[in-house]
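Top to bottom, those sequences are chains A and B.
Read in order, the letters of the first sequence correspond to residues 1 to 363 in my numbering.
Read in order, the letters of the second sequence correspond to residues 1 to 417 in my numbering.
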Amino acid sequence: MVSFTPTEEQQMLIETIHRYAEAQVRPIAHEADETGEIPAGVLRAGWEIGLIPAALPEAYGGLGEHEALTGVLAAEELAWGDLAVALKVLAPALFAYPVLMAGTAAQQAELLPLFAGDYIPVTAALAEPGLFFDPRALATTATAQGDGYILNGLKRNVPLAAEAQKLLIYAREDSGTVGAYIVDAGADGLTIGEREKLMGIRALPTYPVTLSGVRVDAARRLGGEAPLPYEAILNRQQVALAALAVGVARAAFEYARDYAKGRVQFGAPIATKQAIAFMLAEMAIEVDAARLMAWEAAWKLDQGQDATREAYLASRYAADTVVFVADSAVQTLGGYGFIREYPVERWLRDGRGFAMFCGLAIV
Amino acid sequence: MAISFAMPERVERERMMAQALAEGIMRPVSRQLDENEHERPVDFIKLIWPVMRDQQARALDRLKAPPDPEKEKKPRSTYLAMMVQIEALSWGDAGQYLCIPSPLLAGAAIEAVGTPEQKERFLRRFAEGDAPRWGAMAMTEPNAGSDTKAIETTAVLDPETREWILNGEKIFITSGGLALRESDGIVVVWATIDRSAGRAGMRPFVVEAGTPGVTVSKPEIKHGIRASDTVSIKFENCRIPYDNLLGDPEVRREGSREGFRGAMATFDASRPLVAASALGVGRAALEFVKETLHQHGIDIPYDQPYHRLSAIQRDVLEMEAQLKAAYLLTLRATAMLDEGLRNNLEASMAKAKAGKAVTKVTQKAVELLGMMGYSREWLVEKWMRDARINDIYEGTGQINLLIVARRILGYSSSELS
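Structure representation (structure tokens):
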């Protein structure tokens, strides 16, 4: 049966996140963007909504709720509050979810309990430097040696790397496949570089990471000897990014809509002029279309179907949509749109990144 | 409820049947009917008539059956089935699809505001007999296009005979000739019973084939959907029975939009279905482009970063994404109809997006295939011409944007015009 109504549980989750986003995230978003810092209390409150703990199996104190569709609904709502905050709240999932999806029983028993308590800074390193990045052609290598592996390569855009207790490193293996390796902070040969300076998501600390002959035991390869379900991880990541982009786009659309209704020029609200009203209508249509594409891809993933095509199209479409919508919002506000005290220029800077973001989101 | 994109099996079966018909019956004569503009798609009409007739018979029987609360609780998929069938038939040939023998928009208006007796009286003809019949809707006039409230056709009650007398001219009527000249069908005519009341004075009237005072013009010659029958109709002292008025004859002036609302409710149901037709044409072009490129060694990957794609691959991916976006908006607006939810906003979103998307997608298809795309040997150029109407009829793209804008802003039509 075709339906576009979330379950009651999902609806409650959306409302909970919305309250958090509106009351706690929006008020600090500008300051966080300017200073590059997210107040600890805001991060804690975001974590305590319990998105990641709920995804853990019941044996680890969770609810076993790990549907892509629920993740997509949550991601949109969090990103509506602020993208950098959303990414920081969700960053531990970059580590937790692959363990959940692909870890051996021993790895799960060791690592999943980490997520049942307070916010834990752990992360994953996927993206690599250079003009072009292709997650299916990694330059970082994992070479088998003795009863372990040696990791070599450069990573970038690794969130939380400086404070992370553990990192999941994606690397190309001898056979050409991609594996994920669990590396502890302070490991020999692991160097965390200077915090990166980005156009947007400035409150999310990201770093370059260098791996020079980092040795990991065989037991630290995610999934042991089993092949890593890399495509499934990438698909899920693309769907999550799509939903996050929808959240930013929706924020920009709603702000521009409300502004246009209040802004009087020529003796009437500018929203009563077709030039503005049509732009707002197109923004609304594109936000909805992008959301439905993310939903469809997530639904297919949850059905266990191949969603490569849907996830790809959804993430591309959402990346285009967020730029179109945020840009239209800047235009709607005119000169004010260019002023940093108004949030729309931030949403344009945050949104512009989606075409490049890779490895920043798995929800 | 839960979010789901699972098509009911019955709907999927009906889609496959429509697709088979589109491939086997419509495509082979698609070019011929485009080149010979006013020829009828006889094979399609002959084959589809019994299907449409039996569907209509079941629908009418359901109206007569005593209400069954158990059955009403069950989810419906009537509109969903229509959506996928229309999409598939329009993939075959949008012009031929528009010749489908059914009450079409006339049926939608009668369903929306007719009494049970009127439904039986006007729709029964579509549920029986060997000869196909057509219904049509006459709204547009030479001076009333998007501004439907400006219609000048009048309906005046003759107190002596209790008949309505229609006078005026209607244009751009899809299947009007088929309904009135080539079968004993019906046309729903929008006329005003009180011009000073504006929208509140608008009412739909049913005019049956054979009524005196009705003149059907020569069919229009068109850019695309050439197999579709588009005519004008003149009403000169055309007398119809009192009960051919659909809805309430009282005009309530105080801010009432009674008559107009009937028309708008019809659009909420018809716009997603027009969007579905658009999507079918778009899919035809996209599939053909992908197949042709494949024969030339170009495939479309879904796992490559942007920098690894050629310009052609990027274009095709963009076409595909645009169509998918339009498809999902249409699916949502349609599913809401089945759920009995008000879908005014969603219907206009779907129509605006689909109309624009298929216009662009089919134009790009011609461009990508170069001179062969431009050649009348292939159907791509025809699909581009067929697609173009979708951003025009059943509310232009601009009118649908206006509706979306009003809904998202909470403005009335006088606040945002």
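Yeah, the Cβ is synthetic: ideal placement off N, Cα and C, and Gly gets one too.
- Among the CB atoms of chain B, none fall inside 8 Å of the CB of LYS155(A).
- For MET1(A), the chain B residues whose C-beta falls within less than 7 Å of its own C-beta are SER4, ALA6, PRO8 and PRO75, listed in chain order.
- Between ARG133(B) and the set ARG53(B), VAL189(B) and ASP194(B), the nearest pair of CA atoms involves ARG53(B).
- Around the Cβ of SER30(B), a 10 Å sphere holds 16 or more other Cβ atoms; the residue is buried.
- Contact annotation: THR359(B) and SER146(B) have beta-carbon atoms that are not nearer than 8 Å.
- For the pair LEU241(A) and ALA361(A), the CB atoms are nearer than the 8 Å cut-off.
- In this structure ASN36(B) is exposed. Its beta-carbon is surrounded by fewer than 16 other beta-carbon atoms within 10 angstroms.
- Interface flag for ILE408(B) against chain A is set, since a Cβ pair is found closer than 8 Å.
- The Cβ atoms of SER3(A) and ILE3(B) sit closer than 8 Å to each other.
- Using beta-carbon distances, LEU401(B) counts as an interface residue toward chain A, with a partner under 8 Å.
- Close to chain A, meaning a Cβ-Cβ distance shorter than 8 Å, are the following residues of the segment 285-311 of chain B: TYR302, ASP303, GLN304, PRO305, TYR306, HIS307 and ARG308.
- If the five residues before and after ALA387(B) are omitted, its C-beta is found closer than 6 Å to the C-beta atoms of VAL281, VAL358, THR359 and THR362, all from its own chain and listed in chain order.
- The beta-carbon separation of ALA329(A) and VAL72(A), rounded to 22 Å, does not stay under the 8 Å limit for a contact.
- Following the DSSP letters along the chain, one finds PHE235(B) in no alpha helix (DSSP H) but inside the beta strand (DSSP E) bounded by residues 230-241.
- Taking 8 Å as the cut-off, the Cβ atoms of TYR312(A) and TYR306(B) do not count as close.
- Listed by position along chain A, the residues whose Cβ is nearer than 7 Å to that of LEU416(B) are THR272 and ALA277.
- By the Cβ neighbour-count rule, SER413(B) is exposed, with fewer than 16 other Cβ atoms within 10 Å of its own.
- For the segment 353-368 of chain B, residues whose beta-carbon sits nearer than 8 Å to a beta-carbon of chain A comprise LYS353.
- In the DSSP assignment, TYR312(A) falls within the unbroken alpha helix (DSSP H) covering 308-333.
- Taking all protein chains in view, the Cβ of ASP82(A) is crowded by 16 or more other Cβ atoms within 10 Å, so the residue is classified as buried.
- Within the model, the alpha-carbon separation for GLY213(A) versus LEU154(A) is close to 11 Å.
- By the CB criterion at 8 Å, GLY359(A) and LEU126(A) fall inside the cutoff.
- The C-beta of LEU33(B) comes no closer than 8 Å to any C-beta of chain A.
- Counting only the Cα atoms, PRO159(A) lies some 23 Å from THR70(A).
- Excluding the 5 residues flanking it on each side, VAL287(A) has same chain C-beta neighbours closer than 8 Å at VAL246, ALA249, ARG250, PHE253, THR321 and VAL325, in chain order.
- Nothing from the segment 196-223 of chain A brings a Cβ to less than 8 Å from some Cβ of chain B.
- If the five residues before and after ALA289(A) are omitted, its C-beta is found closer than 8 Å to the C-beta atoms of TYR317 and THR321, all from its own chain and listed in chain order.
- Annotated as proximal: PRO208(A) and ARG156(A), with beta-carbon spacing under 8 Å.
- Contacts with chain B (Cβ-Cβ distance below 7 Å) from the segment 322-342 of chain A involve no residue at all.
- Interface with chain B (8 Å Cβ-Cβ cutoff): ALA289(A) is included.
- Residues of chain A with a Cβ closer than 8 Å to the Cβ of ALA276(B) do not exist; the shortest Cβ-Cβ separation is about 13 Å.
- In this structure, the straight-line span from the alpha carbon of MET319(B) to that of ILE276(A) is close to 27 Å.
- Under the 8 Å criterion on CB atoms, PRO6(A) is classed as interfacial with respect to chain B.
- Under the three-pair Cβ rule at 8 Å, the segment 126-135 of chain A does not count as touching the segment 193-200 of chain A.
- For LYS261(A), the chain B residues whose Cβ falls inside 7 Å of its Cβ are LEU409, in order along the chain.
- Under the 8 Å criterion on CB atoms, LYS324(B) is classed as interfacial with respect to chain A.
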